[in-house]
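What follows is one structure encoded as structure tokens, with my remarks underneath.
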Amino acid sequence: MIHNPDKQKLNELLVELANADAERPVRISGSDNEQEWFVVRDGFYFSALELSDETKIFKSLQFPASDYRYFKIEIKNHNKPAMAISKIGISTQIRVPNVLQEIHEITWSKKDSNRKTVINVYCKPANRIDRLRFVIREPKLFQRDVRIYATEKEQQESLPIGSSVKIKRAAPAPLIMRASLNSLQATMINLDESLSRLQQDHLIIEIKNDDNSPLSIDSIQAYQLNTFITAELYPERHYFMYCGNSMLSFPQYDLIYFQNKSPSDTKVLQAEEALLKTINVSDEFDGSQDRKLVWIGRVILCIILLLLVAQMLRKIKNATPETTPQAD
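Sequential numbering of the sequence shown, starting at 1248, is according to my numbering.
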């Protein structure tokens, strides 16, 4: 139960809980007198999985804007162990409104069989997908459960020893999240952060039809949230931001430990269009010094190895006894 004494307009609650690979169906209700309860959001799944090393994580519960005095969160465990929830509250930090950009490199295929619809969504190249939007022509009224799977890379298996034949077998796709599609709500699915971080190029969406006719889907659209990078920048200094190179190392800054201390009036810098890097700019770090040091180290190592080999050959030569021929 959440008390909202000032009847603030809320559309999100933050949940602090133990990191766990589990998800449960959730219902959020609202009331002004704790007697009459009205639905705020129903029929969605809440996941406790976070791909991080932290044991305590924060998850967001989003719902339509409401100003009830009381909010009630019901998590259905279905005879399963409960989630270890520590706190539920309201964020006091200023939040930047979500801005979504459509990802155009999306293709998909659909197959209806055995009381379910299986949709393969492809994104070439792999990208972060935060939201999927379904344009459904018919039926007019529907409520369908959805499961989303993330595919794994193909695994090669060899036949018995002596055979050069290799067979590619796709690893089973693990279940990542559950959702629902309802004709009375926007036919959109916000992907869990644990899924969007994977930057998949292939998602499998399974829609449970039961005894109903399959959904007639005209199109599927994918969107990505704008990304903000928080950094402490000093005047009269040049800064360079690199992206798109998988060989770059991840920077380690102290700022990661002080996320809740960031000032509320942080300035937002607009980035220009990203350009393909072709030349080095003045004052830019290009790694040439590091490469020189690497080559110097390799040369020194080769010289040491040659000296060691020469020393070993001399020892072997000196240790070999000389034999003189004897007459019969």
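C-beta atoms are modelled at their ideal positions from N, C-alpha and C, and glycine is treated no differently. Owing to the predicted nature of the structure, the values given are computational and were not obtained by experimental measurement.
Query                                                                                                  : Result
Neighbourhood of Val-1368 by C-beta, 6 Å cutoff - its chain only, sequence neighbours within 5 removed : Trp-1355, Leu-1450
DSSP state of Cys-1549 mapped onto helix, strand, coil                                                 : helix
Buried or exposed (CB count within 10 angstroms, at least 16 for buried), Tyr-1500                     : exposed
Residue environment, Thr-1477, which counts as buried when at least 16 other CB atoms sit within 10 Å  : exposed
Beta-bridge pairing of Tyr-1611 - partner residues as DSSP gives them                                  : For the chain, the structure presents residues 1248 to 1575; residue 1611 sits outside this window and is missing.
Proximal residues to Asp-1377 (C-beta, below 8 Å), its chain only, five neighbours per side dropped    : Leu-1347, Asn-1437, Leu-1438, Ser-1443, Tyr-1470, Gln-1471, Leu-1472
Residues bridged to Lys-1334 [DSSP beta-bridge criterion]                                              : Glu-1263
Buried versus exposed, by CB contacts within 10 Å (16 or more), Tyr-1396                               : buried
Three-state class that DSSP yields for Glu-1321 in the structure shown                                 : strand
6 Å CB neighbourhood of Leu-1462 in its chain, flanking five on each side removed                      : Ile-1383
Close beta carbons around Glu-1519, own chain, < 8 Å, minus the five adjacent residues each side       : none
Among Asp-1279, Ala-1269, Ala-1373, the one whose alpha carbon lies nearest that of His-1325           : Ala-1269
Spatially closest choice to Ile-1454 from Pro-1252, Ile-1366, Ile-1551, Pro-1272, by CA coordinates    : Ile-1366
First and last residue of the uninterrupted beta strand (DSSP E) at Ser-1430                           : Where Ser-1430 is concerned, there is no enclosing beta strand (DSSP E), given that its DSSP letter is neither H nor E.
Euclidean distance between Cα positions of Val-1286 and Ser-1333                                       : 24 Å
Boundaries (first-last residue) of the beta strand (DSSP E) holding Phe-1310                           : 1303 to 1313
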